[in-house]
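Enquirer:
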Amino acid sequence: MRDRDSELRLADVLVETADTLSEGFDPEHYLRWLADRCVELLDAQGAGVMYTGQGDGVHLIPGTRQQHVVRDLLAVQHLGGPCLESFGTGEPVPPVPIDGKGAGARWPEFSERAERHGVAGTYAVPLRRRGAKTMGVLNVFVPHAPQVADSERQLHIAQALARAAAVGLLNHRTHTECRTRSEHLQTALDSRIRIEQAKGILAERWSTGTDEAFEVLRRFARRERLVMDVVATQVIKGEIDGEALGRDRSEPS
């Protein structure tokens with residue numbers, strides 16, 4: 000029954016991991032949540048993420064469990080550690096014991112710090128969708144030396160969560176980019192509509208063509224150092240003196 004409950008909980012978490020399209024989505028808050036779910040599902044001492052996906056440097060994001068310990072263990076890895084190794088290869092680092100033959104031989108400074116905090120083992124998996132760039136690394140810390148019987152299962156669960164998170168983050172980025180492009184296009188369309196409306200107002204007022212009206216708008220905007228859309232809006236609202244605009248009718252292009 001316990002295994003079935005664990006499987007159901009993992010399924011629930013994987014579904015929640017895909018929910019990244021909500022308003023106000025915060026990648027750091029999301030990855031902190033991910034680290035906490037790893038601690039819950041893997042009975043870990045702590046977990047955190049070394050994240051580079053925002054393009055503005057490296058972000059160290061510990062979960063809420065033993066937050067200061069996890070942050071310290073992520074920070075010391077600038078000298079070497081499972082995160083850097085996984086990030087460099089794009090592959091997981093299987094569970095490694097924190098001792099002289101395991102982590103101590105590969106990352107001495109990290110191993111010394113981990114022993115000081117009572118960590119007995121660690122593993123790391125990349126935040127990476129197949130074929131895509133690695134966005135960061137999920138690092139898990141455990142209080143007991145890794146056992147062969149459990150290591151494969153724990154690594155598999157961590158990989159599933161990390162891949163799901165990578166897909167969620169990429170989906171959010173794509174959604175944000177599409178929404179931004181849509182907003183820019185709508186802004187440009189609205190501006191064009193206002194300019195066309197202003198041209199029509201002036202052409203009717205002066206009994207002239209829309210091309211001449213546009214040239215007047217363009218000259219006035221250039222002379223007053225204003226954006227054409229601003230001038231068009233002022234014309235529509237009747238905020239520009241007609242004589243001021245009329246002077247630009249007689250000026251050469």
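Using numbering that gives the first Met the number 0, you'd call the opening residue of the sequence shown number 0 and step up by one each time.
Using N, Cα and C, we set each Cβ at its ideal position, and we do this for glycine too.
What runs of the beta strand (DSSP E), each 3 residues or longer, lie entirely inside the segment 102-162?
Expert: 120-126, 135-141
Enquirer: Does the separation of the CB atoms of A161 and L126 fall below 8 Å?
Expert: In contact: A161 and L126 (Cβ atoms closer than 8 Å).
Enquirer: For P142, count neighbouring Cβ atoms within 10 angstroms of its own Cβ and tell me buried if that reaches 16, exposed if not.
Expert: The residue is exposed, with fewer than 16 neighbouring Cβ atoms inside 10 Å.
Enquirer: Please list the terminal residues of the continuous alpha helix (DSSP H) segment that includes L30.
Expert: 26-41
Enquirer: Given a cut-off of 8 Å, decide if G56 and E45 are closer than it, judged by their beta-carbon atoms.
Expert: It is worth fixing the name first, because residue 45 is Gly in this sequence and not Glu. Their beta carbons are not under 8 Å apart, which means G45 does not touch G56 by this criterion.
Enquirer: By a C-beta neighbour count over all protein chains shown, 10 Å radius and 16 as the cutoff for buried, is T19 buried or exposed?
Expert: buried
Enquirer: What's the C-alpha gap between A34 and D98?
Expert: 24 Å
Enquirer: The alpha helix (DSSP H) that contains V92, what's its start and end?
Expert: Taken as a continuous stretch (DSSP letters only), V92 belongs to no alpha helix (DSSP H), being part of the beta strand (DSSP E) at 92-96.
Enquirer: Secondary structure at A17, three-state DSSP: helix, strand or coil?
Expert: Coil.
Enquirer: What's the call for V12, buried or exposed, on a 16-neighbour Cβ count within 10 Å?
Expert: buried
Enquirer: Hey, how far is the Cα of V69 from the Cα of V118?
Expert: 10 Å
Enquirer: Less than 8 Å between the C-beta atoms of G89 and E108, yes or no?
Expert: No, the pair does not count as a contact, with Cβ atoms beyond the cut-off.
Enquirer: Below 8 Å CB to CB, which residues in the same chain sit around L253 once its five sequence neighbours on both sides are set aside?
Expert: For residue 253 there is no data in the structure shown, the boundaries of the chain being 0 and 252.
Enquirer: Could you name the residues of the same chain whose beta carbon sits closer than 7 Å to that of H174, not counting the 5 residues immediately before and after it, in chain order?
Expert: L20
Enquirer: Quick check: the Cα distance between W32 and R64, rounded to an integer number of angstroms?
Expert: 11 Å
Enquirer: Spatial neighbours of S252 within its chain, please: CB distance less than 7 Å, with the 5 preceding and 5 following residues excluded, ordered by chain position.
Expert: With a pLDDT of 47 at S252, under the threshold of 50, the modelled position of this residue cannot be trusted, and the question is left open.
Enquirer: Judging by CA-CA distance, which residue of H67, V229, T207 is the nearest neighbour of R191?
Expert: Checking every option, the nearest Cα to that of R191 belongs to V229.
Enquirer: Do V234 and L201 have their C-beta atoms within less than 8 Å of each other?
Expert: Yes, these two residues count as a Cβ contact at 8 Å.
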